[in-house]
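Visitor:
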Amino acid sequence: MHANTDRLWDLVEAHAPQAIALSDAVWAVPELNFAETRSCALHDRALRDAGFHVTPGIASLPTALLGEAGRDGPTIAFLGEYDALPGLSQQAGATTHRPLPGDGNGHGCGHNLLGAASLLAATALKAWLAETGLPGRVRYYGCPAEEGGAGKAIMVRAGVFAGADAAITWHPGSFAMVLPPVSLASLRVDFIFAGRSAHAAAAPHLGRSALDAAELMNIGVNYLREHMPPAARVHYAYLDAGGSAPNVVPARTTVAYSLRAPNLAEMHALAGRVRRIAEGAAMMTETTMTCAVVSSMANLLGNRPLEEAMQAQFERLGPPPFTTADRAFATAMRATLDTQQIATVFRALNLPVRPDMAVCDTVIAHVPERGRAMMGSTDVGDVSWVVPTVQALGATSAVGTPLHSWQMTAQGCSALAHTGMVHVAKVMAATGAELIRNAALLERVRATHARQIARHPHISPMPSGLP
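For what it's worth, UniProt numbering labels the leading residue of the sequence shown as 1, then goes sequentially.
#1: In the DSSP assignment, the beta strand (DSSP E) including residue 306 goes from what residue to what residue?
#2: Check the C-beta distance from residue 258 over to residue 378 and give it rounded, since I have them as a contact under 8 Å.
#3: Could you give the DSSP three-state label for residue 248: helix, strand or coil?
#4: Near residue 308, what residues of its chain come up, given a Cβ to Cβ distance below 8 Å and the 5 sequence neighbours on each side ignored?
#5: Could you check how far apart the C-beta atoms of residue 157 and residue 71 are, in whole angstroms? I think they sit under 8 Å.
#6: Where DSSP assigns a beta bridge to residue 78, which residues make up the other side?
#7: Can you tell me whether residue 40 is helix, strand or coil according to DSSP?
#8: Can you name the residues that DSSP bridges to residue 191?
#9: Given that a residue counts as buried once 16 or more other Cβ atoms are within 10 Å of its Cβ, and exposed if not, what is residue 192?
#10: Evaluate contact between the stretch 91-107 and the stretch 59-76, counting only Cβ atoms and requiring at least three cross-stretch pairs below 8 Å.
#11: May I ask you to list the residues that DSSP assigns as paired with residue 70?
#12: Can you tell me which of 7, 261, 21 and 10 puts its alpha carbon nearest to the alpha carbon of residue 418?
#13: Are the beta-carbon atoms of residue 297 and residue 150 separated by less than 7 Å?
#14: On a Cα-Cα basis, can you pick out the residue from 361, 341, 356 and 282 that is closest to residue 400?
#15: Using a threshold of 7 Å, state whether the C-beta atoms of residue 39 and residue 54 are closer than that.
#16: Contact defined as beta carbons within less than 8 Å: I believe residue 314 pairs with residue 427. What is the distance between those atoms, to the nearest angstrom?
#17: Please classify residue 147: is it buried, with 16 or more other beta-carbons within 10 angstroms of its beta-carbon, or exposed?
#18: Go ahead and label residue 493 buried or exposed: buried means 16 or more other beta carbons lie within 10 angstroms of its beta carbon, across all protein chains shown.
#19: Enumerate in chain order the residues of its own chain whose CB-to-CB distance from residue 278 is below 6 Å, with the five nearest sequence positions on each side excluded.
#20: For the stretch 122-142 against the stretch 3-23, do three or more pairs of beta-carbon atoms, one drawn from each stretch, fall closer than 8 Å, so that the two count as touching?
#21: In the DSSP assignment, what are the bridge partners of residue 30?
#22: What number of angstroms, rounded off, separates the C-alpha of residue 31 from the C-alpha of residue 81?
#23: Thinking just about the alpha-carbon of each residue, which of 131, 132 and 139 is nearest to the one in residue 502?
#24: Going by the DSSP bridge assignment, what does residue 176 pair with across the sheet?
#25: Using a Cβ-Cβ cut-off of 8 Å (strictly less than) and excluding sequence neighbours within five positions of residue 4, which residues of its own chain qualify?
#26: Under the rule that 16 or more other beta-carbon atoms within 10 Å means buried, what is residue 176, buried or exposed?
#27: Quick one: residues in its chain with C-beta nearer than 6 Å to the C-beta of residue 323, no 5 flanking neighbours on either side, listed in chain order?
#28: If distances are taken between C-alpha atoms only, which option among 209, 350 and 260 comes closest to residue 281?
#29: Between the stretch 165-176 and the stretch 377-392, do three or more beta carbon pairs fall short of 8 Å?
This is the structure in structure tokens:
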């Protein structure tokens, strides 16, 4: 069995140059939610070159795609992403903040690496199945708009994951480990207030201020914060503050809210309370209020047998083989971070802070849920409710690098990042292979998932008609 795994890792190494070139090419064309046209085309071409049958535009999303290969047997899905973030452009490899000229987008969350490594794992597993003659299917899903667009939630709603036995993915970061299945369910919703404009000096009594309504709503929500569950989160931003003329009573205002809670039930309860506050603000100001859901994501559903299977592959492989040059680069990058930033990355995963660690020199032990520390959201959560799902964390940056930062963008096509990307691809490919050749493991994975959704059936939080 180990000999077969060693051969699989050799296949990952053999296909690594193409994956590295893909990650660098995507890094160079950073595109935002549902507009990842060039990045999606790069993945489409890479899949076709590797012999996959490609279906573009799945779930009616122009920048989503499916690559499939193999026959019979279990179907293993690998999830890839390639969307960027606004305002995080950065010169590659620079250890000072040097934004690039142009649109300002940048891969500050490492999704250029994410898609490339998942595709690398899928390609290696496809080649391994061909060599061994084992029955099994490999799927690669190109998933758009994770950064706020909830692309995978739309794909789940469309049923494109039907027939998959397990889903495997990862995220770039500082450590080599199984990512704890902890995330917050989230809802992104716009509240639109409509009133009546008037001359603010001559006839203010005739006006009904939409801006007043939005501000009263925000005050009400701020008072709500004392009475929310501790893990809930509420954030807001004005999209339209009613214009720039102070002598005109604003007739229309839009405020965007992001609501998060540990699970879907708590999220919907919180959303109901926020909506009632908005209704009250409209009543007080004699305006009208409508709301429009922009996106929504479910919380992650863990799968202990699948996580343990991935951890076994991490432990057999060992830590990433970083070079002396990688360590020097990581040390220089860490000098741009303060101690609080570095400590926060450790604490987000309930890990003891090691201020001396420049790169991940160990495989982190798997502790299920790790005290539920992580407070982010991901549309991988939606997939986990319909397919047993596991995520790795790959060591592709200096330890302590925060996501959504220029430092993360700067490291996105470094030798350090490439080493960590290939390392985690080996873990994912080997996990997929173990599920194909170990029927007892796959049955435990399926049974665990079935028990969970029997207790809490999945109801997609993503309304129809989105995006």
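Note that CB positions come from ideal geometry on N, CA and C, so glycine has one too. In this text the structure is predicted, and so the values were computed from the model without any measurement.
Guide: From the atom records:
#1: Here residue 306 belongs to no beta strand (DSSP E); instead the alpha helix (DSSP H) covers 304-317.
#2: Contact annotation, residue 258 with residue 378: C-beta distance approximately 14 Å; criterion of less than 8 Å not satisfied.
#3: Here residue 248 sits in strand by DSSP.
#4: Residues of the same chain with a CB within less than 8 Å of the CB of residue 308, apart from the 5 flanking positions on each side, are 366 in chain order.
#5: Their Cβ separation, rounded to whole angstroms, is 29 Å, which puts residue 157 and residue 71 out of contact at 8 Å.
#6: Residue 78 is bridged to 140 and 168.
#7: In the structure shown, residue 40 sits in a helix (DSSP, three-state: H, G or I).
#8: Within the DSSP secondary-structure output, residue 191 pairs in a beta bridge with 255 and 291.
#9: Buried: at least 16 other Cβ atoms inside 10 Å.
#10: Because the criterion of three Cβ pairs below 8 Å is not met, the stretch 91-107 and the stretch 59-76 do not touch.
#11: Note: residue 70 sits in a beta bridge opposite 137.
#12: It is 21.
#13: Residue 150 is positioned such that its CB atom lies closer than 7 Å to that of residue 297.
#14: Closest option to residue 400, Cα to Cα, is 341.
#15: Result no, Cβ atoms of residue 39 and residue 54 do not sit closer than 7 Å.
#16: About 5 Å separates the beta carbons of residue 314 and residue 427, which is inside the 8 Å limit, making them a contact pair.
#17: So residue 147 counts as buried.
#18: With the chain covering 1 to 467 only, the question about residue 493 has no answer from this structure.
#19: Hits under 6 Å: 191, 217 and 289.
#20: With a cut-off of 8 Å, the stretch 3-23 and the stretch 122-142 count as touching, because enough Cβ pairs lie within range.
#21: Residue 30 pairs with nothing; no bridge assigned.
#22: Each residue's alpha carbon lies about 11 Å from the other.
#23: The structure shown does not extend to residue 502, since the chain is modelled only from 1 through 467, so no value can be given for it.
#24: According to DSSP, residue pairing for residue 176 in a beta bridge involves 363.
#25: Contacts found: 128, 132, 433 and 437.
#26: Looking at its Cβ environment, which holds 16 or more other Cβ atoms inside 10 Å, residue 176 is buried.
#27: Setting aside the 5 residues that flank it on each side, residue 323 has no residue in the same chain whose C-beta is closer than 6 Å to its C-beta.
#28: Answer by Cα proximity: 209.
#29: Touching, yes, given that three or more Cβ pairs across the two stretches are closer than 8 Å.
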